[in-house]
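Here the structure is laid out as structure tokens; the discussion comes afterwards.
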Amino acid sequence: MNGADEPLLIAEGLTKWYGRQLGCRDVSFDIHEGEVLAVVGESGSGKSTLLQILSSLMTPDAGCVRYRMRDGVTRDIAALTEAERRFLFRTDWGYVHQDPAAGLRMAVSAGANVGERLMAIGARHYGRIRGSALDWLARVEIDPDRIDETPQNYSGGMRQRLQIARNLVTAPRLVFMDEPTGGLDVSVQARLLDLLRGLVAELGLAAIVVTHDLAVARLLSQRMLVMKGGAVIESGLTDQVLDDPREAYTQLLVSSILPP
Amino acid sequence: MTVTYNFAYLDEQTKRMIRRAILKAIAIPGYQVPFASREMPMPYGWGTGGVQVTAAILGPTDILKVIDQGSDDTTNAVSIRKFFGRTAGVRTTTRTADATVIQTRHRIPETPLRDNQVLVFQVPIPEPLRFLEPRETETRRMHALEEYGLVQVKLYEDIARHGHIATTYAYPVKVDGRYVMDPSPIPKFDNPKMSDCPALQLFGAGREKRIYAIPPHTRVASLDFDDHPFERWRHPGRCALCGADDSFLDEVITDDHGTRMFVCSDTDFCEARRAAGHGPDAPGATAPDPARGTEASHG
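Same order as they appear, the protein sequences are chains A and B. So this note's numbering is basically just the index in the first sequence, starting at one, shifted up by 4. Just so we're aligned: 70 in this note's numbering is position 85 of the second sequence, and the numbers increase by one with no gaps anywhere.
Structure representation (structure tokens):
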């Protein structure tokens, strides 16, 4: 297991400009297997830009993202062929959108939504695909009797859980989450976070969670990056950053949470 | 005043353009080749793609057959046959065995095709992934990268909803182990006929401006699941006119009380059998069970 000592994903000097508008500047970090990294910051701080660059949905103007593939070789994401990149995206990676409708096929049943990734990598046995779908619905606490309903019939929280099941069915090693609890009410948020925390620990997932909600960061992540104006202004262990913020902006963020 | 047309209506440069597309389509079996589809003197949906392909490949010595849903005498078939009779002066026939070029809508003839025959399909929607992925840019990329999980999703939905693969026509196929292709709205009963067929099969979509092809003796596999294999389907029973029990049957409603009969959809096949002395009174021939509902056969 000498591979496990190496980072799973390394970001180096990621910079993106939208014309004269800065997306993010000189962001570097690495993440190991089983580690959850939260990226927090206000709207427009470059969180989503960073996430899109990391997940190769966008190409950076400078810097590179390197990823340790399943064969143990660390490769530059930008140097992969499109086919390899798309294969990586639907097998070894997951991407949980803030809006479940963007990550799900709303017109096909929940079972097919979960099974799609399996079929995309060559599963051709209906019974086994359906078995995995049932298993995953149960793990994300969706009533298996509702496997043949489309997500249109589901509540917001169920849709988000279905999206998570759809992503995890191929046993990815790294999951990107863009505001996974955004748009959900507080009790549903709590349940979803609980579920996510359980799954991440159980599966040993690495995750990069973009959020503006510090509570999400505290519950899920071990490490965090604080972004402001496109740059990382503070990083470290989550508890350390949140309990003893160094930067003025982070102090402001932390103090703006209502005391429990 | 008499109007004279160039041979087979289209001008020679247009025909060359279409032939180039056809050659490319034959070189890459199942791949949809874009071409500059022309306006034809008939509405879209009536076979403008098929007509252009036929016009491009037709020679003065060819013998043309045109069928629509297996029949030689429906409006679409008659008008296209007349069209080429007039603009190309080629001989036409209704006999499958005599024809060198067969333009078809929704069927493959029952009589096995042979080499030196060309089957031209009229195609309404050439993209097998269209109803699952509306973006053309995305479907092209999926074809290029051989990402065909989505077609399987459609079949999965069929089984989840109906207990079996309920797609009965335009059943997706994989050509030569590479491209997933829409075989045009032929019944899935005809799908196995496409595989290893000695005749050349050309597909023309006029509105969508695409041509694709299956070269002779190419492997064509209908997509399925390991535990839900592809099955052909026909109405169980015999043809009420010729007694055939292995042809694809049309259901014909004969009165207002739901009385119905089943007859061969391929009229040439049916007529040839009747001429050879077959009839509904053949041993064991009975009218198909009038009970509602039909069952699958593995024919």
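A virtual CB, placed ideally from N, CA and C, is assigned to each residue, including glycine.
Report the option in the options whose CA atom is closest to the CA atom of residue i.
i	options	result
Ala40 of chain B	B:Met2, B:Phe210, B:Val205, B:Ile171	B:Met2
Arg303 of chain B	B:Thr85, B:Phe233, B:Arg217	Not covered by the structure: residue 303 of chain B. The range shown for chain B is -14 to 284.
Ile218 of chain B	B:Arg259, B:Ala155, B:Thr203	Per the sequence presented here, residue 218 of chain B reads as Trp, with Ile not at that position. Nearest option by C-alpha distance: B:Ala155.
Ser59 of chain A	A:Gly160, A:Gly76, A:Asp149, A:Glu86	A:Glu86
Asp198 of chain A	A:Ala106, A:Phe180, A:Val220	A:Val220
Asp47 of chain B	B:Asp251, B:Phe174, B:Thr77, B:Lys159	B:Thr77
Leu188 of chain A	A:Arg143, A:Arg177, A:Gln102	A:Gln102
Ser207 of chain B	B:Ala129, B:Val248, B:Gly162	B:Gly162
Ala261 of chain B	B:Asp235, B:Leu226, B:Arg245	B:Leu226
Val69 of chain A	A:Gln226, A:Leu13, A:Gly45, A:Gly119	A:Leu13
Asp9 of chain A	A:Arg250, A:Ile35, A:Arg24, A:Ala15	A:Ile35
Ile42 of chain B	B:Leu185, B:Arg90, B:Asn61, B:Ile110	B:Leu185
Arg250 of chain A	A:Ser260, A:Glu238, A:Arg170	A:Glu238
Asp230 of chain B	B:Thr122, B:Gly264, B:Asp212	B:Gly264
Glu131 of chain B	B:Gly148, B:Met166, B:Leu98, B:Ile144	B:Met166
Glu256 of chain B	B:Leu(-5), B:Gly55, B:Ile110, B:Thr(-1)	B:Gly55
Arg128 of chain A	B:Asp100, B:Tyr29, B:Ile144	B:Ile144
Residue i to residue j, Cα distance in whole Å?
i	j	result
Pro14 of chain B	Gly243 of chain B	44 Å
Arg90 of chain A	Leu256 of chain A	40 Å
Thr242 of chain A	Thr153 of chain B	57 Å
Thr154 of chain A	Leu196 of chain A	20 Å
Leu84 of chain A	Pro64 of chain A	15 Å
Pro157 of chain B	Arg94 of chain A	23 Å
Gly208 of chain A	Asp217 of chain A	23 Å
Phe254 of chain B	His202 of chain B	23 Å
Gln56 of chain A	Tyr141 of chain B	31 Å
Pro177 of chain B	Arg163 of chain A	40 Å
Gly34 of chain B	Pro172 of chain B	20 Å
Ser250 of chain B	Ser169 of chain B	17 Å
Thr185 of chain A	Gln193 of chain A	6 Å
Pro94 of chain B	Val86 of chain B	12 Å
Met25 of chain B	Pro221 of chain B	40 Å
Arg109 of chain A	Ile168 of chain A	13 Å
Asp266 of chain A	Thr239 of chain B	Look at the range of chain A in this structure, 5 to 264, and you will see that residue 266 of chain A is not part of it.
Gln156 of chain A	Ala105 of chain A	9 Å
Ser32 of chain A	Val118 of chain A	33 Å
Tyr99 of chain A	Arg192 of chain B	37 Å
Lys139 of chain B	Leu117 of chain B	8 Å
Asn171 of chain A	Arg121 of chain A	8 Å
Phe215 of chain B	Leu114 of chain B	19 Å
Thr79 of chain B	Asp57 of chain B	6 Å
Arg165 of chain A	Ala66 of chain A	35 Å
Excluding the 5 residues preceding and the 5 following residue i in the sequence, name in chain order all residues of the same chain whose CB lies nearer than 7 Å to its CB.
i	result
Tyr16 of chain B	Ala10, Tyr164, Tyr197
Tyr(-10) of chain B	Thr72
Met73 of chain A	Arg79
Thr215 of chain A	Ala42, Val44, Glu183, Ala221
Ala(-7) of chain B	Ala40, Leu43, Phe69, Thr72, Ala73
Ala124 of chain A	Arg94
With DSSP as the reference, label residue i as helix, strand or coil.
i	result
Asn101 of chain B	coil
Glu236 of chain B	strand
Ile151 of chain A	coil
Ile65 of chain B	helix
Trp140 of chain A	helix
Ala84 of chain B	coil
Ala42 of chain A	strand
His128 of chain B	helix
Thr252 of chain B	helix
Gln161 of chain A	Residue 161 of chain A is actually Gly in this sequence, not Gln. Three-state DSSP puts Gly161 of chain A in a helix.
Ser52 of chain A	helix
Ser22 of chain B	coil
Met2 of chain B	helix
Thr33 of chain B	helix
Glu16 of chain A	strand
Gly243 of chain B	coil
Leu226 of chain B	coil
Ser56 of chain B	strand
Thr271 of chain B	Low per-residue confidence applies at Thr271 of chain B: pLDDT is 47, beneath 50, and the placement is therefore not dependable, though the value from the model is reported in the following sentence. Looking at Thr271 of chain B - three-state DSSP - the assignment turns out to be coil, as it is neither helix nor strand.
Ile42 of chain B	helix
Val138 of chain B	helix
Thr254 of chain A	helix
Arg258 of chain B	helix
So, for residue i: in the same chain, excluding its five sequence neighbours on each side, which residues have a beta-carbon less than 6 Å away from its beta-carbon?
i	result
Thr53 of chain A	Lys20, Gly27, Cys28
Arg5 of chain B	none
Asp181 of chain B	His202
Between residue i and the rest of its own chain, which residues show a CB-CB distance below 8 Å, the 5 nearest in sequence each way excluded?
i	result
Arg245 of chain B	Glu236, Val237, Ile238, Thr239, Pro275
3-residue-minimum beta strand (DSSP E) runs that sit fully inside the region 172 to 238 of chain A, ordered along the chain: Runs of the beta strand (DSSP E) inside the region 172 to 238 of chain A: 178 to 182, 210 to 215, 227 to 232.
Where are the alpha helix (DSSP H) runs, 4 residues long or more, that stay fully inside the region 92 to 129 of chain A, in chain order? Within the region 92 to 129 of chain A, the complete alpha helix (DSSP H) runs of at least 4 residues are 104 to 107, 114 to 124.
Every unbroken beta strand (DSSP E) within the region 140 to 204 of chain B, with a cutoff of 3 residues, ordered by chain: Those beta strand (DSSP E) runs which fall completely within the region 140 to 204 of chain B and span 3+ residues are 158 to 160, 164 to 166, 185 to 190, 195 to 199.
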